[in-house]
Amino acid sequence: MNILLWHVHGSWTTSFVHGKHRYLIPATPDRGPYGLGRARTYTWPESAAEVSPEQLRGADVDVVILQRPEEIDLAEQWLGRRPGGDVPAIYVEHNTPKDGQVPNSRHPLADRDDLLIAHVTAFNELFWDTGTTRTTVVDHGIVTPTAVWTGELDRLAVVINEPVRRWRVTGTDLLVRFAEIAPLDVFGMKVAGLAEHLGLPADRLTSHDDVPQHRMHAELARRRAYLHLCRWTSLGLSLIEAMAMGMPVVALATTEAVMAVPPGAGALSTRVDTLLAAASRLLAEPQRAREAGAVARVAAGERYGLDRFLTDWDRLLEEEVCG
Numbered sequence: 001m002n003i004l005l006w007h008v009h010g011s012w013t014t015s016f017v018h019g020k021h022r023y024l025i026p027a028t029p030d031r032g033p034y035g036l037g038r039a040r041t042y043t044w045p046e047s048a049a050e051v052s053p054e055q056l057r058g059a060d061v062d063v064v065i066l067q068r069p070e071e072i073d074l075a076e077q078w079l080g081r082r083p084g085g086d087v088p089a090i091y092v093e094h095n096t097p098k099d100g101q102v103p104n105s106r107h108p109l110a111d112r113d114d115l116l117i118a119h120v121t122a123f124n125e126l127f128w129d130t131g132t133t134r135t136t137v138v139d140h141g142i143v144t145p146t147a148v149w150t151g152e153l154d155r156l157a158v159v160i161n162e163p164v165r166r167w168r169v170t171g172t173d174l175l176v177r178f179a180e181i182a183p184l185d186v187f188g189m190k191v192a193g194l195a196e197h198l199g200l201p202a203d204r205l206t207s208h209d210d211v212p213q214h215r216m217h218a219e220l221a222r223r224r225a226y227l228h229l230c231r232w233t234s235l236g237l238s239l240i241e242a243m244a245m246g247m248p249v250v251a252l253a254t255t256e257a258v259m260a261v262p263p264g265a266g267a268l269s270t271r272v273d274t275l276l277a278a279a280s281r282l283l284a285e286p287q288r289a290r291e292a293g294a295v296a297r298v299a300a301g302e303r304y305g306l307d308r309f310l311t312d313w314d315r316l317l318e319e320e321v322c323g
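First residue of the sequence shown: 1, per UniProt numbering; consecutive thereafter.
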C-alpha cells in the first residue's frame, strides 16, 4: 500500500515504516511540525519517502494515517480528497487525555463514522470517551536495539522530552530525590540546562540533548538502571527499548507501565520511597540488576516485538482499505 503519514513521534514512526509498504512523509521547506520529512536521528528504510504538498495532489494514496485532528483538513487540502470519505483513514491516538476532564474526557474525533481510532495502549482506549467512533488497540512494537546492557556505571538513566515544560506529567519534579542516591543521565529533546533548573549541581545530573537513537542506546546500556517517572503519559517507547536491551527498570506504576513492566524486572510502585529503595539495591548489587534486566528483556521481546506490531498493523490496514 501507499500510506500517507506525518512524522510526529519519531520512535513510533520508526517502527511503523519498517513494514512492507511505501510510506509518504510530507516535507516542507521549513521542516516545520507538518513537514518534518524523514527522521534525522533515527534510521529509516528507503521505503519511507519524502513528498512535498505539491507532489501529493493526485498522488496514489491507499490510506491516510492521522495523528493530529488538524491533519484531516490538511490532508484534504494537499490530496484533494477527504480522509475517511474519499480515501480510508485511521487516526492513531498516542496520548492520554490532558483536558482536565478525566475520566469524562471526550476525544476530539468522537462520534464519527468515517474513520477508526487506533490507540497505542489499552489504557488510552479506556480513558478516552470516543462515543460512537470505532476504536481498536495496536500495542507498541520496537526495532530491537543493537546495544546490550552492561550496567558498569553506577548511574541512573532517564529519557524525557521537554522535561521542564511537561514537568509533573513526566515526573521531572521527582528527579531531585533520585539524584540524592545516584548521578542521573537525562537524555531527550530540550533537556539542556535541566540540572540548573532543578537546582542540582552538574555532577548529580548530566543532560544529553537530542542524541541520535543508536548513540543514546549505547549510552543507556552502560547505566545501572532505567528510571521511568512519568505520571500521565501513554507509554514511552524508550522504556520498552531499555527493557529490550536488558536494563532493569525502576518505574512509577501509572498508566500502561503497569502492563509493560512485569514482576521481577526491577521495581514498579506508586510509592516513591519504594522506588528509591529499589534503585539503591540495584546500584549496590550489580548481579541483582543483571537478573532483573534479563526478566525485562524477555518481557519486552514477547509483548513489544516488531514482527507482532507490523503484523497487527497489516491486518488492520487490510481490513480498513480492502473491507
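By construction, the Cβ of each residue, glycine as well, lies at the ideal position given by its N, Cα and C atoms.
{"Item": "Do Thr133 and Leu156 have their C-beta atoms closer together than 8 angstroms?", "Value": "no"}
{"Item": "Considering Asn124, what are the terminal residues of the alpha helix (DSSP H) in which it resides?", "Value": "Ala122 to Phe127"}
{"Item": "With a Cβ-Cβ cutoff of 8 angstroms, do Leu252 and Gly199 count as a contact?", "Value": "no"}
{"Item": "In chain order, what residues of the same chain have a beta carbon less than 7 angstroms from the beta carbon of Leu237, not counting five sequence neighbours either side?", "Value": "Ser11, Trp12, His140 and Ile142"}
{"Item": "Given a cut-off of 8 angstroms, decide if Arg231 and Arg271 are closer than it, judged by their beta-carbon atoms.", "Value": "no"}
{"Item": "Any chance the stretch 217 to 225 sits against the stretch 278 to 288, with 3 or more Cβ pairs inside 8 angstroms?", "Value": "yes"}
{"Item": "From which residue to which residue does the beta strand (DSSP E) around Phe26 run?", "Value": "Note on identity: in this sequence residue 26 is Pro, with Phe being the wrong assignment. Looking at the DSSP string, the run of the beta strand (DSSP E) that includes Pro26 is Arg22 to Pro26."}
{"Item": "Check whether the Cβ atoms of Ile3 and Val63 sit closer than 8 angstroms, and answer yes or no.", "Value": "yes"}
{"Item": "Who are Tyr226's beta bridge partners in DSSP?", "Value": "Ala157 and Val249"}
{"Item": "For Glu71, is the classification buried or exposed, using 16 other Cβ atoms within 10 angstroms of its Cβ as the cut-off for buried?", "Value": "buried"}
{"Item": "For Ile72, which three-state DSSP category applies?", "Value": "helix"}
{"Item": "Per DSSP, what kind of secondary structure is residue 369 in: helix, strand or coil?", "Value": "Here the chain has residues from 1 to 323 only, and residue 369 is not among them."}
{"Item": "Considering only DSSP beta bridges, list what Ala59 is partnered with.", "Value": "Beta-bridge pairing links Ala59 to no other residue."}
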